[in-house]
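Just so you know, the sequences run in chain order A and B.
Using the numbering used here, you'd call the opening residue of the first sequence number 1 and step up by one each time.
Using the numbering used here, you'd call the opening residue of the second sequence number 1001 and step up by one each time.
Notes follow the structure.
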Amino acid sequence: MPAERGPRRSRLTRAGRWVVLVGFAVALAFPFLWMLVTSFKRTSDLYNTANDPFLFNEPPTLAHLKLLFGETLFLRWLANTTAVGILVVVLTLALAVPAAYALTRLTGRWGPRLGIGIFLTYLIPPTLLFIPLSRLVARLGLQDSLWSIILVYPSFTVPFSIWLLMGFFKSIPRELEEAGMVDGLTRFQAFLRLVVPISVSGILTVVIFTFTLVTQEFVYALTFISSEAHQTVGVGVPIYLVRGDVYYWGSLMAACLITSVPIAILYNVFLDRFIAGFTVGAVK
Amino acid sequence: MALRSSTRLGVAMFAPALIYIAAVVGLPLCLAFLYSVGDVRVGSVGYHFVGLDNFRSVLRSPTFRRSLANSFVFTIVTQLIVIVCANLLALALRDRFRGRGFVRFLVLLPWVAPISLGAIGWKWLLDSIYSVVNWVLVHLHLVRPFDAPMWLGEPRLAMASVILVHAWRMLPFSTVILLAGLTSIPKDIPEAAAVDGAGFWRSYFRIVLPMMTPIINVAVLFGVIFTFTDMTVVYILTRGGPYDSTQVLPSLAFFTGILGSDLSEGAAISVFLVPILAVIAILMLRVAQKAEVV
Chain A
1 MPAERGPRRS RLTRAGRWVV LVGFAVALAF PFLWMLVTSF KRTSDLYNTA NDPFLFNEPP
61 TLAHLKLLFG ETLFLRWLAN TTAVGILVVV LTLALAVPAA YALTRLTGRW GPRLGIGIFL
121 TYLIPPTLLF IPLSRLVARL GLQDSLWSII LVYPSFTVPF SIWLLMGFFK SIPRELEEAG
181 MVDGLTRFQA FLRLVVPISV SGILTVVIFT FTLVTQEFVY ALTFISSEAH QTVGVGVPIY
241 LVRGDVYYWG SLMAACLITS VPIAILYNVF LDRFIAGFTV GAVK
Chain B
1001 MALRSSTRLG VAMFAPALIY IAAVVGLPLC LAFLYSVGDV RVGSVGYHFV GLDNFRSVLR
1061 SPTFRRSLAN SFVFTIVTQL IVIVCANLLA LALRDRFRGR GFVRFLVLLP WVAPISLGAI
1121 GWKWLLDSIY SVVNWVLVHL HLVRPFDAPM WLGEPRLAMA SVILVHAWRM LPFSTVILLA
1181 GLTSIPKDIP EAAAVDGAGF WRSYFRIVLP MMTPIINVAV LFGVIFTFTD MTVVYILTRG
1241 GPYDSTQVLP SLAFFTGILG SDLSEGAAIS VFLVPILAVI AILMLRVAQK AEVV
């Protein structure tokens, strides 16, 4: 009897799995599909409530894309975001790589404790710090300047990057640097010439992670930057593509999709490493 | 005192990061507390200690009390939805199958795409006139055409929308964390249980779920932080409205402190985030400690 029951139940489980997968995949990805559909529909088609929204009732159009690239500051926002991203990556690497190495190798039993302390600073949210920071930014004369966010963004990328890199450096055998030091390198030279090169994939993870976080940030950019030309995509698109009460839905959705998909692909490639950083050692 | 050269190098390599974090996280954190007991406004000079005046005035405000309650409802309901769905979804994604990579990519989209853009996408999906969600509901005869729900315009529905959009955003994150926990369970344990005659759900609730508890804790702790302290979804979808029915602490702090120029009162509002953050931090430390002991 049990022998007969086994396979039937497993077939049921398998069918259940597909129902769950398809259901969630549709629910989670649908808004992005809808962005795609909206981007190519004529405005008259979008705004005719008699039309079936799932069909192209009028021929598709490129007008929304033309408006987005020709008459808005979208490209400028993309360029701003990229520039900020690159500078934040550089700052993050300069601060986090040496710090993570110091905490794994040079601080003895204090290392792990300081590491956890650093990790906890990652839990302090922008929405607690943005009010005092807005004043500090004004004091430094950086309000409405991209330098304000370049200076502030590493506050959330550095702690998490240190944490990720510590896990990475721990997996490198100590003998590597010791052998180098026997050959006459100083500890710092051994770090630069031996440890950094074999940590490229860990460092690359930090680069991608930092860059995606910069593109996702909203609160600080909204708080510190007030002119349209200095926006990042994350704020420029949802706030400045809306004129008064007029939503250019076609261009708006195109902008969302064009920005989201490359970031999503990039993030997806490095996903497993980010997760290792979040699981705080609760998974071996 | 002569330090060992390696220790000196360690200090030199760690110091820049430490100084930076002290200046950009530590200093504003202290200032947030200082502002909350002072009278700082945009453009004001000098600082006067006013004790608990800001907290008193904040606590007297009905908007604040509403936001405080909303913050808890928003966080708890979102996390309940997320954790149940994430368990299901992680289970469905565990085994290899053809197309798994693509399904994972689709499932991850809400988390990896910038949230402000995902939220504006939802604003279009939930539009008062052109909502495709309503179109589907009408054509399934679930609602009547001229009586379609005003998702973002009616207080209860607006709260439900904000919660669902945030759950949509957080679900992929919790799913991949749980997936990491699920794949680390040695396969032979549930298999041995199956041989002993335990069915799928029985072995899931008796064996897999208890082994997953630490990782579920991690997912929930991060989830609570990311939800409780977020203002992006609320800001984009409803600006806290209608009638402050979806206002949460971070968004109220923004409207009061930044747009309303009352830095002190804004700081006082955001300081109410601290007790929750402290509890989460302590729980997180316990998880980390346990992981090291085992």
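For glycine and all other residues, C-beta sits at the position ideal for the given N, C-alpha and C.
Quick caveat, the model's predicted, so the values are computed rather than measured.
So, for residue i: in the same chain, excluding its five sequence neighbours on each side, which residues have a beta-carbon less than 7 Å away from its beta-carbon?
| i | result |
| --- | --- |
| Phe1014(B) | none |
| Val152(A) | Leu133 and Tyr220 |
| Glu58(A) | Arg42, Ser44 and Asp45 |
| Gly6(A) | Note that Gly6(A) scores a pLDDT of 43, beneath 50, so its modelled location is shaky and nothing firm can be said. |
| Ala1194(B) | Ser1203 |
| Gly1153(B) | Ser1128 and Pro1242 |
| Val88(A) | Ile150, Tyr153, Pro154, Thr157, Thr210 and Val214 |
| Thr1229(B) | Pro1250 and Leu1273 |
| Val1294(B) | Note that Val1294(B) has pLDDT 43, beneath the 50 cutoff, so the model's placement of it is unreliable and the number below is only indicative. If we look at Val1294(B) and ignore the five residues flanking it on each side, it has no Cβ neighbours. |
| Pro1155(B) | Pro1242, Tyr1243 and Ser1245 |
| Leu1237(B) | Ala1119, Trp1122, Lys1123, Leu1152, Ser1161, Val1162 and Val1165 |
Taking the DSSP output, what are the residues bridged to residue i?
| i | result |
| --- | --- |
| Tyr247(A) | Val242(A) |
Which chain A residues are close to residue i, counting only those with a beta carbon under 7 Å from its beta carbon?
| i | result |
| --- | --- |
| Gly1010(B) | Ala102, Leu106 and Thr107 |
| Leu1106(B) | Ala25, Leu28 and Ala29 |
| Gly1118(B) | Pro31 |
| Ser1270(B) | Thr127, Leu128 and Ile131 |
Kindly list the residues whose CB is nearer than 8 Å to the CB of residue i, restricted to its own chain and excluding five residues on each side of it in sequence; keep chain order.
| i | result |
| --- | --- |
| Glu1265(B) | Asn1054, Ser1057, Val1058, Thr1256 and Gly1257 |
| Arg109(A) | none |
| Asp144(A) | Phe224, Ile225, Ser226, Ser227 and His230 |
| Met1001(B) | Model confidence at Met1001(B) stands at a pLDDT of 45, short of 50, so the residue's coordinates are unreliable; what they give is reported in the following sentence. Closer than 8 Å at Cβ, skipping near neighbours: no residue. |
| Val84(A) | Leu146, Ile149, Ile150, Tyr153, Val214 and Thr232 |
| Arg1100(B) | Leu1093 |
| Arg1144(B) | Val1138 |
| Leu257(A) | Phe32, Met35, Leu36 and Ser39 |
| Ile1083(B) | Ser1174, Ile1216, Ala1219, Val1220 and Gly1223 |
Would you mind reading off the limits of the alpha helix (DSSP H) that contains residue i?
| i | result |
| --- | --- |
| Ser1116(B) | Ile1115 to Leu1125 |
| Tyr1204(B) | Note, Tyr1204(B): premise wrong, no alpha helix (DSSP H); not H, not E. |
| Gln216(A) | Val200 to Gln216 |
| Phe224(A) | Val219 to Phe224 |
| Gln1079(B) | Pro1062 to Leu1093 |
| Ile1269(B) | Leu1263 to Val1271 |
| Arg135(A) | Pro126 to Arg139 |
| Ile86(A) | Phe74 to Tyr101 |
| Met1150(B) | Note, Met1150(B): premise wrong, no alpha helix (DSSP H); not H, not E. |
| Tyr1235(B) | Thr1232 to Leu1237 |
| Pro159(A) | Pro154 to Lys170 |
| Arg1104(B) | Arg1100 to Val1112 |
| Leu1031(B) | Leu1027 to Ser1036 |
| Tyr1130(B) | Tyr1130(B) -> no alpha helix (DSSP H), and no H or E assigned at all. |
| Leu1252(B) | Leu1249 to Ala1253 |
| Ile1258(B) | Element bounds for Ile1258(B): n/a, residue is neither H nor E. |
| Ser44(A) | Thr43 to Leu46 |
| His64(A) | Ala63 to Glu71 |
| Arg1008(B) | Ser1005 to Ile1021 |
| Ile118(A) | Trp110 to Thr121 |
| Arg1156(B) | Pro1155 to Thr1183 |
Give me, in chain order, the residues of the same chain whose beta-carbon lies closer than 6 Å to that of residue i; leave out the 5 immediate sequence neighbours on both sides.
| i | result |
| --- | --- |
| Phe74(A) | Leu68 and Ala255 |
| Ser251(A) | His64, Leu67 and Leu68 |
| Ser1270(B) | Ala1253 |
How would you list, in chain order, the residues of chain B whose beta-carbon sits under 7 Å from the beta-carbon of residue i?
| i | result |
| --- | --- |
| Val137(A) | Correct list: empty, because the minimum Cβ distance to chain B is about 10 Å. |
| Ile86(A) | Here the premise fails: no neighbours, minimum Cβ distance about 17 Å. |
| Arg17(A) | Ala1092 |
| Val152(A) | Val1024 |
| Leu95(A) | Pro1016, Ala1017 and Tyr1020 |
Is the Cβ of residue i closer than 8 Å to any Cβ of chain E?
| i | result |
| --- | --- |
| Trp1151(B) | In the structure shown, chain E does not exist; the protein chains are A and B. |
Run through chain A and tell me which residues come within less than 9 Å of residue i, C-beta to C-beta.
| i | result |
| --- | --- |
| Tyr1035(B) | Ile131, Pro132 and Arg135 |
| Pro1172(B) | Leu28 |
| Ala1160(B) | Residues of chain A passing the Cβ test: none, with the nearest at roughly 15 Å. |
Which bits of chain A does residue i rub up against, with CB to CB less than 8 Å?
| i | result |
| --- | --- |
| Val1103(B) | Leu21 and Ala25 |
Chain B partners of residue i, CB-CB under 9 Å?
| i | result |
| --- | --- |
| Val219(A) | Asp1230, Met1231, Thr1232, Tyr1235, Pro1250 and Phe1254 |
If contact is defined by three or more beta carbon pairs under 8 Å, each pair taking one atom from either stretch, is the stretch 45-63 of chain A in contact with the stretch 113-121 of chain A? With contact defined as three or more Cβ pairs closer than 8 Å, the stretch 113-121 of chain A and the stretch 45-63 of chain A are not in contact.
Across the stretch 124-133 of chain A and the stretch 161-176 of chain A, are there enough close Cβ pairs to call them in contact, namely three or more that are closer than 8 Å? Under the three-pair Cβ rule at 8 Å, the stretch 124-133 of chain A does not count as touching the stretch 161-176 of chain A.
Three or more C-beta pairs under 8 Å: does that hold for the stretch 230-246 of chain A against the stretch 16-36 of chain A? By the C-beta criterion, the stretch 230-246 of chain A is judged not to be in contact with the stretch 16-36 of chain A, since fewer than 3 inter-stretch pairs fall below 8 Å.
Hey, is the stretch 261-270 of chain A in contact with the stretch 206-215 of chain A, meaning 3+ C-beta pairs nearer than 8 Å? Short answer: they touch.
Three-pair Cβ contact test at 8 Å for the stretch 1247-1255 of chain B versus the stretch 1063-1080 of chain B: Touching, yes, given that three or more Cβ pairs across the two stretches are closer than 8 Å.
Determine, using beta-carbon pairs with one atom in the stretch 87-100 of chain A and one in the stretch 1014-1027 of chain B, whether at least three such pairs fall under 8 Å. The stretch 87-100 of chain A is in contact with the stretch 1014-1027 of chain B.
Quick test of the definition: if touching needs 3 or more C-beta pairs under 8 Å, does the stretch 1105-1113 of chain B touch the stretch 1169-1179 of chain B? Result yes; three or more Cβ-Cβ pairs closer than 8 Å.
Say whether the stretch 1022-1033 of chain B touches the stretch 188-205 of chain A, bearing in mind that this needs 3 or more beta-carbon pairs closer than 8 Å, one atom from each stretch. Segments in contact, no.
Decide if the stretch 1203-1212 of chain B is in contact with the stretch 249-264 of chain A; the criterion is three or more beta carbon pairs, one per stretch, under 8 Å apart. They do not touch, by the three-pair rule.
Within 8 Å, do at least three Cβ pairs link the stretch 1208-1215 of chain B to the stretch 1225-1239 of chain B? When Cβ pairs closer than 8 Å are counted between the two stretches, the stretch 1225-1239 of chain B is seen not to touch the stretch 1208-1215 of chain B, the count staying below three.
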